[in-house]
Amino acid sequence: MSYGQEETISYGGEEELLISSKVSGQEEEICRLSHPSHPHTLSRRYGEHPPSGCFASSDSTLIRHSLYFYFFCTTCDLEFDQYCYLRPRKMTHPYHPQHPLIFSVQDRQTGIIHDSDIHSYDVSSIIPEDSSILGNCNWCGNDLRSFDFFYRCSICNFSLDSSCSQNFPLPTISNPKSHHHSLIFLPRPLLFPCDACGLVEQWRPSYACFQCNYVVHKDCIDLPRVIKITRHPHRLFYTPFLSPSTSSLCRLCYETVDINYGQYTCNHDDCSFVVHSKCATHKNVWDGRELEWEPEEFDETEDVAPFKKVGDDLIKYFCHDHHLKLEKYDRVRDMDKQCQACVLHVDSRDFYNCFQCDYVLHEVCANLPRKLDHGLHNHPLFLDPVPLNAWDSSNCSVCERVTVGFVYKCSKKRCTRIYQQKRFQVDVRCILVPDCFTHKSHEHPLFLPIHNYDTRLCNGCNHTGSTSSYYLQCTLCKVFLCYECATIPDKLHNKYDAVPFSLCYGEVSDQTYWCEVCEGILDPREWFYTCSKPYITIHRSCVFGWSAYMMPGYTLLFGNLSIKVICNSSNTRLMCHNCDNRCWSTVYLKLSNGIAICSYQCLRDFNSKLDRSPRARYNVELVNWYLAALAD
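Residue numbers (the numbering used here): 31 to 662.
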């Protein structure tokens, strides 16, 4: 580069890639003010911002994010922020081919816009008369204040945020997959529907065939022709448009599918499954595979039989050594029996029973396939009947409840929940929830959306989205229901009462309600269980709280603590060692030294106290010693 030569990135972005590659350290960084015959090598100094201010942008704190170093020229005694050095000063961009765009930053305290001119490395600063002039990116509409830098044309007051400035679409796409003519880039945001997906998304680069009056988003040009999603058993085929008589609802978002634009349909006879293009190719339902040239027999997911019939009402289950017999439910005899799969009590349903041990399965749970595709995940799931012994690894990825029952796990070993780095797994209760169904708490159908949002107020528990962010929603009322609330039974049977408990979804009353289990005040506006003969009210959490999916006899590890789940009754209501109250739940937790803990919350509190103990920290032997001392 000759002295004083302007650094310009051209249409296509090759120069930008070369400049950005320097951050890897494979090339030496050269001071741009030095002469090519005598280049000055820049050194790196660690720190978020240059203490004396960046020479290019005239400020040390304009760039909020950094890689924890900046550049320094010992010869010129100048400092450069890494963004100001690595990014091109000027570019000719396809979104604004009329004039070059200049690298700019804005002081968030004063509002001053700093434009760097690489020719003289002077900084021209302006104070906008109207804050809205440079308020948004002219292509996507994003607020420029959310970005560390942007590119602008001072002549046209045209600005691109840092994300849009890195998109360099090709001027022409020859032989596109989805069209029989070449496509020409449109240097304007597309303000009408894309012919391939039917959406108006102006921030996406678009192309057009003027001969056919065909306009398409850049990322819709190569939509796959044949795919398989987890919410339908058959393959789906891309269709550019439908006949006027076949208008229907999308089976994923339950919004109307416009017949004039592209969609995916099922070609099987008597199957009218139709979905939007963007819904079908969403990462939550599609694994990203194109199946156009793959034989269909390798694509179909076959259910693996969970048992073999060995006689009348007699089966051999795949993970149990003994035969199981189908029996009718007896309220007095079978009330305390729990299903090994869902961990709920048998509770008025037919079940398979083992006469040689206590192994019990609901008839529905026994028929669950060992392998299935489900709308909750984009990969096949396999049934795992062996519970994990670690508390932190035993929770469902969808409802976040800890369970000792069966779970479905993702077949991909490296498929994890990004926010927790744990393998995706779903308990049986959540698996049995249909993609679309009517819940008794709401008059309209609820369905599983393909988009997960972090903050949605659940209509049942009034909580704003758990860490899993899975929920069901109503498209008409925008009502949301989390999976923990959706899987609570609406009726509970008791062996001592002929009338079952019913789930009440809240009511308006001036009376004071009391919970029969914990003897605390009950808010009638919240969900609760009630029985009319005699009139009894119970907190929902007292029935389906932390212990709902615990089974007596199991041992779990919580940190360094070994915990056994013990059945609780009126004769064994021990005092909780943490809160000094009686253990009121159906089960309690017993530590290795005999200490009783009443709930998960008390277990967490007790464990935190244990971690703060100077002798018991980080050592299992010392933990056991400390527990023995507490027992004494």
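Where a beta carbon is used, it is the ideal one built from N, C-alpha and C, also for glycine. Owing to the predicted nature of the structure, the values given are computational and were not obtained by experimental measurement.
Legend entry - C-alpha gap between C399 and F454, whole angstroms: Going by the sequence as given, residue 399 is Pro instead of Cys. Taking the straight line from one Cα to the other gives about 18 Å.
Legend entry - Option nearest K563 by Cα separation, candidates V538, G550 and S532: S532
Inset, instruction - Could you name each continuous beta strand (DSSP E) segment of 3 residues or more that falls completely within the region 500 to 581, going from the start of the chain to the end? - result: 501 to 503, 510 to 512, 521 to 524, 527 to 534, 558 to 562 and 565 to 569
Inset, instruction - Answer yes or no: do S176 and C227 have a C-beta to C-beta separation smaller than 8 Å? - result: no
Legend entry - Neighbourhood of A396 by C-beta, 6 Å cutoff - its chain only, sequence neighbours within 5 removed: Y382
Inset, instruction - State yes or no: is the C-beta of P235 within less than 8 Å of the C-beta of P199? - result: yes
Inset, instruction - Would you be able to state if there are at least three C-beta pairs under 8 Å between the region 584 to 598 and the region 415 to 426? - result: yes
Legend entry - DSSP bridge partner residues for T269 (one or two, in chain order): Q293
Inset, instruction - Would you mind reading off the limits of the beta strand (DSSP E) that contains C395? - result: Here C395 belongs to no beta strand (DSSP E); instead the alpha helix (DSSP H) covers E393 to A396.
Legend entry - Y76 to K120 span [Cα, whole Å]: 27 Å
Inset, instruction - Pick helix, strand or coil for I461, following the three-state DSSP scheme. - result: helix
Inset, instruction - Indicate whether V390 and C372 have their beta-carbon atoms separated by less than 8 Å. - result: no
Legend entry - At least 3 beta-carbon pairs within less than 8 Å: the region 346 to 360 vs the region 307 to 323: no
Legend entry - Entirely enclosed alpha helix (DSSP H) segments - the region 361 to 416, minimum 4 residues: 393 to 396
Legend entry - Three or more C-beta pairs below 8 Å linking the region 553 to 563 and the region 610 to 623: no
Legend entry - Distance, N601 Cα to M580 Cα: 20 Å
Legend entry - A335, DSSP secondary structure in three states: coil
Inset, instruction - Count the other CB atoms, across all protein chains shown, that sit within 10 Å of the CB of A335; report buried if there are 16 or more and exposed otherwise. - result: exposed
Legend entry - C170 (DSSP reduced to helix, strand or coil): coil
Legend entry - Own chain partners of K313 with C-beta closer than 8 Å, once the 5 adjacent residues on each side are dropped: N408
Inset, instruction - Mind checking which residues open and close the alpha helix (DSSP H) that includes C309? - result: S307 to A310
Inset, instruction - Tell me where the beta strand (DSSP E) around I214 begins and ends. - result: L213 to L216
Inset, instruction - Take the Cβ of Y115 as the centre, count every other Cβ of all protein chains shown within 10 Å, and call the residue buried at 16 or more, exposed below. - result: buried
Inset, instruction - Please name the residue in L478, C445 and H474 whose C-alpha comes closest to that of I17. - result: Given a span of 31 to 662 for the chain in the structure shown, any question on residue 17 remains unanswerable.
Inset, instruction - Just grab the DSSP bridge partners of S73 for me. - result: F102
Inset, instruction - Would you kindly report the start and end of the unbroken beta strand (DSSP E) that includes Y125? - result: Element bounds for Y125: n/a, residue is neither H nor E.
Inset, instruction - Can you tell me which of I568, E537 and V538 puts its alpha carbon nearest to the alpha carbon of E546? - result: I568
Legend entry - Same chain, Cβ closer than 7 Å to V617, five either side skipped, listed in chain order: S577, M580, P582, V595, I596, C597 and N598
Legend entry - Distance between E58 and M31 (C-alpha atoms, nearest Å): Low per-residue confidence applies at M31: pLDDT is 36, beneath 50, and the placement is therefore not dependable, though the value from the model is reported in the following sentence. About 14 Å.
Legend entry - Which listed residue (Q631, D635 and L604) has its alpha carbon closest to that of K620: L604
Inset, instruction - Specify, as a first and last residue, the run of the beta strand (DSSP E) that E324 falls within. - result: Note, E324: premise wrong, no beta strand (DSSP E); not H, not E.
Legend entry - Integer-rounded CB distance, given that V315 should sit under 8 Å from T260: 6 Å
Legend entry - Euclidean distance between Cα positions of Y543 and R570: 13 Å
Legend entry - Separation of R281 from C296, as counted between CA atoms: 11 Å
Legend entry - Residue range of the unbroken beta strand (DSSP E) whose run includes D111: L108 to D111
Inset, instruction - Give a yes or no on whether the C-beta atoms belonging to E393 and L356 are separated by under 8 Å. - result: yes
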